[in-house]
Amino acid sequence: MNSAAFDAGHVDDRVMALVRDSRMIIVSGPGGVGKTTSAAALGVLAARHFSKRVLVLTVDPARRLATALGLDALGNAEVPVHLADAQGSLTMAMIDTKASWDDMVRRHAPDSATRERVLANDLYKTLTSRFVHSHDYVVTERLYDARETGNYDLVIVDTPPSRSALSVLDAPQRMEQFFSSRLLKLLTAPTQSRLLSIASRPFFLVADRILGAAFLSDIAEFFTLFRTMEGPIVSRARRVGALLADPATAYVVVTSAESVAMAEAHYLVDELRRRQHRLEVVLANRLMPTHLADGASVRATAVSGHADSRVHALAKAEHAIAQVAERQAGALAEMDSWGTDVVLSESRSGEITDVGALLAMGEALTLRQPGILSPRNTVAP
Amino acid sequence: MAGEQGKRVLVCEMDDKGSLAAYLGCPPLKFEPTEVSPNVSAMAMNTEDSLREYIRLFLRLPIIGSLTPLARIFDFVANAAPAVKEILAIGKLCYEVREQNYDMVIVDSEASGHFVAQVSAPDALATLVRIGIIADQTKWMSNLLHDPQVSTVLAVVTPEEMPVAETIELRQRLAKATPIDFGGVLMNRMPQAAVDETALAAARQDASLARTVQAGDWLVAQRSEAQLQVQRLAEAFELGNVETIAEAPADVALPQHITDHLVGELHRLSSSDA
Chain D
1 MNSAAFDAGH VDDRVMALVR DSRMIIVSGP GGVGKTTSAA ALGVLAARHF SKRVLVLTVD
61 PARRLATALG LDALGNAEVP VHLADAQGSL TMAMIDTKAS WDDMVRRHAP DSATRERVLA
121 NDLYKTLTSR FVHSHDYVVT ERLYDARETG NYDLVIVDTP PSRSALSVLD APQRMEQFFS
181 SRLLKLLTAP TQSRLLSIAS RPFFLVADRI LGAAFLSDIA EFFTLFRTME GPIVSRARRV
241 GALLADPATA YVVVTSAESV AMAEAHYLVD ELRRRQHRLE VVLANRLMPT HLADGASVRA
301 TAVSGHADSR VHALAKAEHA IAQVAERQAG ALAEMDSWGT DVVLSESRSG EITDVGALLA
361 MGEALTLRQP GILSPRNTVA P
Chain A
382 MAGEQGKRVL VCEMDDKGSL AAYLGCPPLK FEPTEVSPNV SAMAMNTEDS LREYIRLFLR
442 LPIIGSLTPL ARIFDFVANA APAVKEILAI GKLCYEVREQ NYDMVIVDSE ASGHFVAQVS
502 APDALATLVR IGIIADQTKW MSNLLHDPQV STVLAVVTPE EMPVAETIEL RQRLAKATPI
562 DFGGVLMNRM PQAAVDETAL AAARQDASLA RTVQAGDWLV AQRSEAQLQV QRLAEAFELG
622 NVETIAEAPA DVALPQHITD HLVGELHRLS SSDA
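These protein sequence lines are chains D and A, in that order. Using our numbering, read the first sequence as starting at 1 and increasing by one per residue. Using our numbering, read the second sequence as starting at 382 and increasing by one per residue.
See the structure below:
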């Protein structure tokens, strides 16, 4: 049905323009609002209607979605997704933190001895596999890679939920700051000069007591090795940072109409703006279909007075619908006040289990939408 | 609610979203616990404040003058060696438990990925640091966290594909990372059954009721989708019955609604928690 409406040209071109004109789309939003699915749907939409080579990078797809897309249990590998009648092509990949760090070390290490020592370092292993924040930087590395290779015309990134998306965006800058920090110089200074330097003494007194001398020297070894990669990593971090701020990089915030999710989405909208990223649309997902929401209380009255008394019980259902509809209308009005285009996406019956369902979802986003929200001009970068 | 039973409770929000304060109907929370209702205190985790307290309490180092340089150094350390942030967060909570300042510490944790890292931080650090203050520190924290009489994880999940998959994975990842007790799982926001099947069948006979039938079908579909997820969860956790909480009616404040349903559950937890 959507394809028919789509072909008939009932198109609202905000989402079409988004996938047509962007070179990178970064999808963020609170957890559990269908972020990954939305990213995948945008990817399918782009590959189906434009002759683009599209890559969807995802951090953590729902298992069934992954299976539907042929993404079963893969690490960093990129997997082509078959898409019927597509003008372009679609590839999906997941981001595996440990494997991505290893790739990065292999790429940037000045020689094979350093490379092997970093990869074998205990601290390195623990940092890259056990601590979640180490994920942030490699995500940006991966998307830079995807753009740099020239293999893709559009890269869509499904970021980790909520605020973690912001840590990802800030990661390149942090990496750069880290290399220029006094701390790194302190940690990697030879032991003798540490004792001589009066300036650094208080720091080491504290650090020694907290961490113990042995651990401190482990840290020193690791960071000394890590510093040998400073040049390439810093220059890359700078380019990754520039890419995130590029006008061809568009941002989408996905949310549901539920209040906790919306508070989080609103925060993301504000933070993206503060960073002057090009926030293109807020995608209001999981909405109750409008044709049900409209006139539910009128229908409730009609049902209660219906000649067939057996159907009177349905008034309760209609009241429930009316209640959801009212909450939803309030939520949408609030989203509208955030100052960005809001695109509505109705919750779909059944799960998204194949590419066809993703296409239907993507195309539905481009249909002319009910007049709750007024489209406004795209927010200037 | 445990507070109403005379227990001293500390509620802590780990990420600084501030929604806990909104639910409790109080001003934004700080690191320093504030009493939000009789016996109930609330705090928001902040690793920098936690570091200060840690230095004051455990190292007994005199802190002279401004802490700004320390804070700056800390910022770099925390971002470079992220274990620091996690250990400080979990350390503060363990400290409150050990000192018995409260009978129960309830932690509104971060999303599942971060949570595993936090709760297993003492174990992870212990493999890196074998001697020194940190090593001793991680030992007692691990002991507290691993003791099922003291700590337990309660997973809260909504009846949707992604959250259910994540919760199932959470338990597997937790089991791999740390021997903490997995106390149970709570299904929140179950759609209410509001559709009378006989009435719906009758309505199908009248074309003028088409919209109402669609509305009814939609509610039924929502409900059965949710039930499917409950079933998936029950199978994965080998539970006969998953505790569920119905979706809150619009006119009831959320904490009150959840409180009403949680009394029994927390009773059970608090008897093994305190």
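All residues carry an ideal CB built from backbone N, CA and C; glycine is no exception. Keep in mind that this is a model prediction, so the values were computed, not measured.
Subject >> Closer than 9 angstroms at the beta carbon, the chain D residues around Leu-614(A) >> reply: Within chain D, no residue comes near Leu-614(A); the closest Cβ sits about 13 angstroms away, beyond 9 angstroms.
Original post:
Who are the neighbours of Gly-597(A) on chain D, taking C-beta pairs under 8 angstroms?
Top reply: Leu-314, Ala-317
**OP:** Tell me, please, whether the region 327-341 of chain D touches the region 275-295 of chain D by the rule of three or more beta-carbon pairs shorter than 8 angstroms.
**Re:** yes
Original post:
Can you list the residues of chain D that Glu-480(A) reaches, using a CB-CB cut of under 8 angstroms?
Top reply: In chain order: nothing, as chain D lies at least about 20 angstroms away.
Subject >> Nearest-angstrom beta carbon gap, Val-157(D) and Met-24(D) [assumed within contact, 8 angstroms] >> reply: 7 angstroms
Original post:
Interface residues of chain D around Pro-544(A) at Cβ under 8 angstroms?
Top reply: Gly-31, Gly-32
Original post:
Is Asp-308(D) close to chain A, meaning its C-beta is less than 8 angstroms from at least one C-beta of that chain?
Top reply: Chain A contact via Cβ: present.
**OP:** Count the C-beta pairs between the region 89-108 of chain D and the region 224-242 of chain D that are closer than 8 angstroms, then say yes if the count reaches three, no if not.
**Re:** yes
Original post:
Rounded to a whole number of angstroms, what is the C-alpha to C-alpha distance between Val-44(D) and Arg-348(D)?
Top reply: 17 angstroms
Original post:
Any contact of the region 302-312 of chain D with the region 575-584 of chain A, i.e. 3+ C-beta pairs under 8 angstroms?
Top reply: yes
Original post:
Is there a Cβ from chain B that is less than 8 angstroms from the Cβ of Ala-402(A)?
Top reply: You won't find chain B in this structure, because its protein chains are D and A.
**OP:** Measure the C-alpha to C-alpha separation of Lys-460(D) and Ala-77(D) and round it to an integer number of angstroms.
**Re:** Residue 460(D) falls outside the range modelled here, since chain D spans only 1 to 381, and no answer is possible.
Original post:
Cβ of Arg-299(D) less than 8 angstroms from any chain A Cβ?
Top reply: yes
**OP:** Say whether chain A places a C-beta atom closer than 8 angstroms to the C-beta of Leu-166(D).
**Re:** no
**OP:** Let me know the secondary structure DSSP gives Ile-26(D) once reduced to three states.
**Re:** strand
Original post:
Gln-192(D) by DSSP, collapsed to three states: which one?
Top reply: In this prediction, Gln-192(D) has a pLDDT of 48, which is less than 50 and means its spatial position is unreliable; nothing more can be read from the coordinates.
Original post:
Listing by chain order, which chain D residues have their CB less than 8 angstroms from the CB of Ala-617(A)?
Top reply: Residues of chain D passing the Cβ test: none, with the nearest at roughly 11 angstroms.
Subject >> Neighbour list for Ile-292(D) in chain A, Cβ cutoff strictly below 8 angstroms >> reply: A small fix is needed here, since residue 292(D) is Leu in this sequence, not Ile. Those are Arg-592, Gln-595, Ala-596, Trp-599, listed as they occur along chain A.
**OP:** For the region 577-590 of chain A, enumerate the residues whose C-beta is nearer than 9 angstroms to any C-beta of chain D, in chain order.
**Re:** Asp-577, Thr-579, Ala-580, Leu-581, Ala-582, Ala-583, Ala-584, Gln-586, Asp-587, Ser-589, Leu-590
Subject >> Ala-410(D): contacting residues in chain A (beta-carbon distance under 8 angstroms) >> reply: As displayed, chain D neither begins before 1 nor continues past 381, which places residue 410(D) out of reach and without an answer.
**OP:** List the DSSP bridge partners of Arg-278(D).
**Re:** Its beta-bridge partners are Ala-250(D).
Subject >> Outcome for Val-298(D) when other beta-carbon atoms lying within 10 angstroms are tallied against a minimum of 16 >> reply: exposed
Original post:
Under the criterion of a Cβ to heavy atom distance below 7 angstroms, does Glu-434(A) qualify as lining the ligand SAM?
Top reply: The model on display carries no ligand, and the ligand SAM is accordingly not part of it.
Original post:
Who are the Cβ neighbours of Ser-51(D) in its own chain at under 6 angstroms, not counting the five residues just before and after it?
Top reply: Gln-87, Gly-88
**OP:** Taking only the alpha-carbon atoms, compute the straight-line gap between Val-168(D) and Gly-564(A) and give it to the nearest angstrom.
**Re:** 32 angstroms
Original post:
Could you give the distance in angstroms between the alpha-carbon of Leu-83(D) and the alpha-carbon of Val-27(D)?
Top reply: 22 angstroms
**OP:** Answer yes or no: do Ser-422(A) and Thr-415(A) have a C-beta to C-beta separation smaller than 8 angstroms?
**Re:** yes
Original post:
How is Ala-307(D) classed by DSSP in three states: helix, strand or coil?
Top reply: coil
**OP:** Using DSSP bridges, identify the partner residues of Asp-489(A).
**Re:** Glu-394(A)
**OP:** Would you please verify whether the beta carbon of Val-355(D) is less than 8 angstroms from any beta carbon of chain A?
**Re:** Interface with chain A (8 angstroms Cβ-Cβ cutoff): Val-355(D) is excluded.
**OP:** Could you tell me how far apart the beta carbons of Ala-315(D) and Ser-345(D) are, in whole angstroms, since I believe they sit closer than 8 angstroms?
**Re:** Actually they are not in contact, since the Cβ atoms of Ala-315(D) and Ser-345(D) sit about 29 angstroms apart, beyond 8 angstroms.
Original post:
Do three or more CB pairs link the region 531-550 of chain A to the region 586-602 of chain A at distances below 8 angstroms?
Top reply: Inter-segment contact for the region 531-550 of chain A and the region 586-602 of chain A is absent: fewer than three beta-carbon pairs are separated by less than 8 angstroms.
**OP:** Could you check the C-alpha separation between Ile-471(A) and Ser-501(A) for me, to the nearest Å?
**Re:** 9 angstroms
Subject >> Contacts that Glu-434(A) makes with chain D (C-beta to C-beta distance below 9 angstroms) >> reply: Under the 9 angstroms cutoff, chain D gives no residues; its nearest Cβ is about 13 angstroms from Glu-434(A).
Original post:
At least one CB of chain A closer than 8 angstroms to the CB of Val-44(D): is that the case?
Top reply: No, no contact with chain A.
Subject >> Backbone CA spacing between Leu-367(D) and Ala-41(D) [nearest angstrom] >> reply: 14 angstroms
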